[in-house]
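Trainee: Numbering (the working numbering), first residue to last: 16 to 459.
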């Protein structure tokens, strides 16, 4: 299976986007976490200074009074503090029966920690030490982070959704951009199909992107080279066929010499072989003339050409009164050389008319660029053990019929030229011989 450029680029872009989004996700989460924690820490530090200011320390007395904000008086409010002055330990009413750790902290220093507080609340705890009126005051202030964590989770959810949406939109835009960028290649492909059908002789280079232009120019150069080689081959074939005509004429004249009159078998053999060579040379000359100087492929009206061919064959075999049935879809046009079609169908139909008792069926169909030609007759058919030898050049399974054994091998040559398939066998419909041809042709 050929790799898809679009799929490969899509996967590469998707991988890059996932990596980029993962890095961006990590950076955003880290920055957001720092901002939130710095904000909460700043608020806790402010509360610690407020509690320190509201603390009344009486030197020489074991009395410490704290006038804290009302939020510290409400049980499990999410805001807590604990305070230690000397041997005196105080805590907010919001802690109820719970405690808040007071680690040893040097004066002027602080400790920030995460703990599990009352009712499994996640707490951010700030512990600081101060000196007030000669006494060391250690204060721990805590805040419930549940609502903040929920807000962060919601923000993460929408961040993830927007990131996935951005990846999807970018992939769609990339796919659309790639398809738009590949349109010149699609147009070039259509031009190549037109070239195959013989509608143009070269690919157009107007308005072609510079990235694709060298590719188009190389194709045009290749087509020009192949056309020159084809022309040289045609000229060589034509010259050879013309050169053979003179020796053939001499051989025919020698065959008519009175000295061969007593050897009629030799004379007939010579005449038949010379006639076979003459037919071959005439066929090649006709193909060269019909090919012309341009591209050989042209659109052919199948119904019109086969109808004329059947009419000629009926006249040629009128002594047998063979009924030739022709089934061709109306308006079927194929990108095929006209002479190739006539050679292909003509040889198959002529062979069927020779062997048919009374009927020959010819059916044509086209499906998804595949041309199907089926020719069947109600003749004696061919033994299975001889079917594999029929396509061999010059092989004749029965010499009682006129001919030189060149019909089916010509058919094989044409089928091979079009990279097609020829299937020979017994007709299921007429019980005679069946020939089925399948050619892959570009749709006109």
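We put the beta carbon where it would ideally sit given N, CA and C, even for glycine.
For residue 344, which residues from the same chain have a beta carbon less than 6 Å from its beta carbon, with the 5 sequence-adjacent residues on both sides left out?
Mentor: Numbered from 1 along the chain shown, position 329 holds the residue referred to as residue 344. Once the five neighbours on either side are set aside, residue 344 has no close Cβ partner at all.
Trainee: DSSP puts residue 377 in a beta bridge; with which residues?
Mentor: As a first step, residue 377 must be located in the chain shown, where it is residue number 362. Residue 377 pairs with 341 and 390.
Trainee: Have a look at residue 334 and residue 201 and give me their C-alpha separation to the nearest angstrom.
Mentor: Locating residue 334 in the chain shown gives position 319, counting from the first residue. Locating residue 201 in the chain shown gives position 186, counting from the first residue. Taking the straight line joining both Cα atoms gives about 55 Å.
Trainee: Write down every uninterrupted run of the alpha helix (DSSP H) in the stretch 147-217 whose length is 4 residues or greater and which is fully enclosed by it, in chain order.
Mentor: 161-212
Trainee: Would the beta-carbon of residue 374 fall within 8 Å of that of residue 445?
Mentor: On the chain shown, residue 374 is found 359 positions in, with the first residue counted as 1. On the chain shown, residue 445 is found 430 positions in, with the first residue counted as 1. Cβ atoms of residue 374 and residue 445: closer than 8 Å.
Trainee: Select from 388, 204 and 210 the residue whose C-alpha is nearest the C-alpha of residue 347.
Mentor: Residue numbering aside, residue 347 sits at position 332 when the chain shown is read from its first letter. Of the candidates 388, 204 and 210, the one whose C-alpha sits nearest the C-alpha of residue 347 is 388.
Trainee: So, does the stretch 59-69 touch the stretch 38-46, judging by three or more C-beta pairs under 8 Å?
Mentor: With a cut-off of 8 Å on Cβ pairs, the stretch 59-69 is not in contact with the stretch 38-46, counting fewer than three such pairs.
Trainee: Cα-Cα, which of 382, 431, 448 and 360 is closest to residue 402?
Mentor: Looking up residue 402 in the chain shown gives position 387. Considering only alpha carbons, the answer is 448.
Trainee: Looking at the strands, I want to know which residues DSSP matches up with residue 252.
Mentor: Here residue 252 is taken as the residue at index 237 of the chain shown, counted from 1. Among the bridge pairs identified by DSSP, residue 252 is matched with none.
Trainee: Near residue 332, which residues of its chain fall below 7 Å by C-beta distance, leaving aside the five closest residues on each side in sequence?
Mentor: As a working mapping, residue 332 is identified with position 317 in the chain shown. Around residue 332: 368.
Trainee: Quick check on residue 412: does DSSP put it in helix, strand or coil?
Mentor: Numbered from 1 along the chain shown, position 397 holds the residue referred to as residue 412. Its pLDDT being 46, under 50, residue 412 is placed unreliably in this model, and the value from its coordinates should be taken loosely. Coil, per DSSP.
Trainee: According to DSSP, is residue 335 helix, strand or coil?
Mentor: Taking the chain shown and counting its residues from 1, one reaches residue 335 at position 320. Look at residue 335 here: in three-state DSSP terms it is coil, with no helix or strand label.
Trainee: When we look at the beta-carbon of residue 426 and count the other beta-carbons within 10 Å, is it buried (16 or more) or exposed?
Mentor: Here residue 426 is taken as the residue at index 411 of the chain shown, counted from 1. Flag for residue 426 reads buried.
Trainee: Under 8 Å, do residue 153 and residue 120 count as touching if we go by C-beta distance?
Mentor: As a first step, residue 153 is located in the chain shown; it is residue number 138 there, counting from the start. As a first step, residue 120 is located in the chain shown; it is residue number 105 there, counting from the start. A contact, by the Cβ cut-off of 8 Å.
Trainee: Return the chain-ordered list of same chain residues with a C-beta closer than 8 Å to the C-beta of residue 220, the five sequence neighbours on each side being excluded.
Mentor: Stepping through the chain shown from its first residue, residue 220 is reached at position 205. So the qualifying residues of the chain are 228, 231, 232 and 235.
Trainee: Tell me whether residue 123 sits in a helix, a strand or coil according to DSSP, three-state version.
Mentor: Numbered from 1 along the chain shown, position 108 holds the residue referred to as residue 123. Coil.
Trainee: Counting along the chain, where does the alpha helix (DSSP H) carrying residue 362 start and finish?
Mentor: Translated into positions along the chain shown, residue 362 becomes position 347. First-last of the alpha helix (DSSP H) with residue 362: 353-370.
Trainee: Could you tell me the distance, in whole angstroms, from the CA atom of residue 370 to the CA atom of residue 430?
Mentor: Taking the first residue of the chain shown as position 1, residue 370 is located at position 355. Taking the first residue of the chain shown as position 1, residue 430 is located at position 415. Distance between the alpha carbons of residue 370 and residue 430 is about 22 Å.
Trainee: Do residue 341 and residue 381 come within 8 Å of each other at the CB atom, strictly closer than that value?
Mentor: Locating residue 381 in the chain shown gives position 366, counting from the first residue. Locating residue 341 in the chain shown gives position 326, counting from the first residue. Contact: no.
Trainee: In angstroms, rounded to a whole number, what distance separates the CA positions of residue 42 and residue 383?
Mentor: Position 27 of the chain shown, counting from 1, holds the residue named residue 42. Position 368 of the chain shown, counting from 1, holds the residue named residue 383. Cα to Cα, the separation comes out at about 55 Å.
Trainee: Please identify the residue among 222, 278, 244 and 293 whose C-alpha is closest to the C-alpha of residue 257.
Mentor: Counting from one through the chain shown, the residue named residue 257 turns up at place 242. The residue with the shortest Cα to Cα distance from residue 257 is 293.
Trainee: For residue 372, which residues in the same chain have their Cβ closer than 7 Å to its Cβ, ignoring the five residues on either side in sequence?
Mentor: Along the chain shown, read from residue 1 onward, the residue named residue 372 stands at position 357. Cβ neighbours of residue 372 within its own chain (closer than 7 Å, five residues either side excluded): 393 and 394.
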